[in-house]
Each structure stands twice: as structure tokens, then as C-alpha cells.
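The structure under discussion appears below in the form of C-alpha cells.
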Amino acid sequence: MKIALLGYGKMGKEIEKIALERGHEIVVKIDVESDWTNAKTLLASADVAIEFSTPQSTIQNIFHSFDVNVPVVVGTTGWMEQLDHVKQVCEKNGQTLFYASNFSIGVNLFFEINNKLALMMKKQVGYNVTMEEIHHTEKLDSPSGTALKLAEGIIEKYDRKKSWVNEATDKEDVLGIVSKRIDKVPGTHTVTWTSDIDDIELKHTAHNRKGFALGAVMAAEWVRDKRGVFTMHDMLSFMMK
């Protein structure tokens, strides 16, 4: 499979390593705006593009991929306020978008466990839920996309939380998310349900970027011949039953 890398930072380099190990070819690497000068033809030769850049570059990178009919797998976070528009453009033009806040298989299982526990907690009295996420100091968005997806799952399944804030809070109907930035931390997410009697803690700790990169390459392999809008839940649906 021929892959275009849109974004060639630490994640892009890890994805390249995994892709080559799995027998794929990297046909173009785009890291800064000037790289686009002679890149459209190379992008058009790809079977799929994998996009891990910055929130400021993501929409342009997606639309460049659509322009040459190349499916795009997007792992950048911090642009979700434009997701509905991008979905509409994708579907209107018969293109392919696969997006995820986190491509780690373990994290996506974590999402499912989080949703199920939140649903179970609807019938319990005396618990409050809080969240903490820790990432490396180069992480540009806060809270992380993974934390937001966890929060969305809790708010959807647990009717006593109506919204979230990116700080600790005493408001009963607001989910507090505490974000910390610590050098060289790939990503740690903790959901804690606390009562006077006990605590229940769900925690996922990434040891490195390999899980994210492997999941992104697997997504590219899965989506290359499909049309439409997809997420990790679609790819892993057989695991979620």
C-alpha cells in the first residue's frame, strides 16, 4: 500500500516506521506549507493519506486529499468544531474520512468500558465522577481529544452530568477535567468515581507512541477501499459486541 504522510513530527516518524515494517511504501511526506509546492501529484499516487499535523493544518490537509480522491486517516485533535462541515464535504463529494481522537486499540477498549460504567452508575447514589489527563509538554490542545471523548461518553450515559469544564469544579452537574502537561509523558487518562465509602478508578497509561501509530496504520489498511466517514468504532465493531 502507498501511504502519504501529512505531518512528519514524532508521530509521523513513528507511523513511517510501523508502515515500513508492515510492508507499505511512503510516497510523500508533508511537514510544512512549502512542502505542498510539488506534492499534489505524489499525494494523488497514494492509496491513503495519514494526517498527524497541527489543528491549524488539518482541514487544509484533509481537503487536499479529497481533491485527489485519496482516503485520509486523521489523528490530529483540536479541530472538532469543524467536523460537521468536513463530514458534509466528504459525503457530498464521495470521499473518505477516518478520524479518531486516539488510534490506540487499548484506548478504544477503554472508551467502551468507560461508557458501560457510566451507564451502570445511573442507578447508584452518592458517587461523583472526575477526570484527569496528563500529556507531554508539546501537546497543543487541552483537554486532549481522548479526554473529550471520555467526557462525551460520561455525559451521554450518566444523566447527572450535563457539561464539562477544563478545571476542577464543585458543581454537581458539571464534569471537571484536570489537564496536566509533563515532559515526555505519552498520555495518561484517569476517570475516578468517588463516594464516602470507596473510589472506583479507570486508568489508561500509554508507555510510548507505538500503539497510536500501529492503530493509525491499521485504520489506513482497513479504510483504503471504502467511501464515507468512519471511526475506530466502525473498524473495531467486532471487538465491541
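So the mapping is simple: the numbering used here equals the position in the sequence shown, first residue as 1, plus 8. From the three backbone atoms N, C-alpha and C, an ideal C-beta is built for every residue, glycine too.
* **Residue burial classification, arginine 189 (beta-carbon count within 10 angstroms, cutoff 16)** => exposed
* Asked: Just curious, the beta strand (DSSP E) that isoleucine 208 is in, first and last residue?
  -> 207 to 213
* What span of residues does the alpha helix (DSSP H) with glutamate 89 cover, start to end? -> No alpha helix (DSSP H) contains glutamate 89, which DSSP labels as neither H nor E.
* To do: Tell me where the beta strand (DSSP E) around valine 78 begins and ends.
  => No beta strand (DSSP E) contains valine 78, which DSSP labels as neither H nor E.
* **Burial state of glutamate 59, where buried means 16 or more other Cβ atoms lie within 10 Å** => buried
* **Entirely enclosed beta strand (DSSP E) segments - the region 141 to 203, minimum 3 residues** => 171 to 173, 182 to 189, 196 to 202
* Leaving out the 5 sequence neighbours to the left and right, which residues in its chain are closer than 6 Å to glutamate 209 when beta-carbon positions are compared? -> Thr200
* Would the region 10 to 17 and the region 47 to 62 be scored as touching if the rule is three or more Cβ pairs under 8 Å? -> yes
* State the CB to CB distance for the pair alanine 159 and leucine 125, rounded to an integer number of angstroms; the pair is presumed to be in contact (CB under 8 Å). => Contact flag wrong, Cβ pair sits at about 14 Å.
* **Reduced DSSP secondary structure (H/G/I, E/B, other) of phenylalanine 111** => coil
* Beta-carbon proximity list for valine 186, same chain, < 6 Å, skipping 5 on both sides -> Glu140, Ala176
* Asked: So what does DSSP say about alanine 54, is it helix, strand or coil?
  -> coil
* Within the same chain, show all residues whose beta-carbon is closer than 7 Å to that of threonine 66, passing over the 5 residues directly before and after it, in chain order. => Glu59, Val82, Thr84, Trp87
* Asked: Are the CB atoms of threonine 154 and asparagine 110 nearer to each other than 8 Å?
  -> yes
* For lysine 192, which of Lys147, Leu222, Asp181 has the nearest alpha-carbon? -> Lys147
* **Per-residue burial, isoleucine 121 [other beta carbons within 10 Å of its own, 16 or more giving buried]** => exposed
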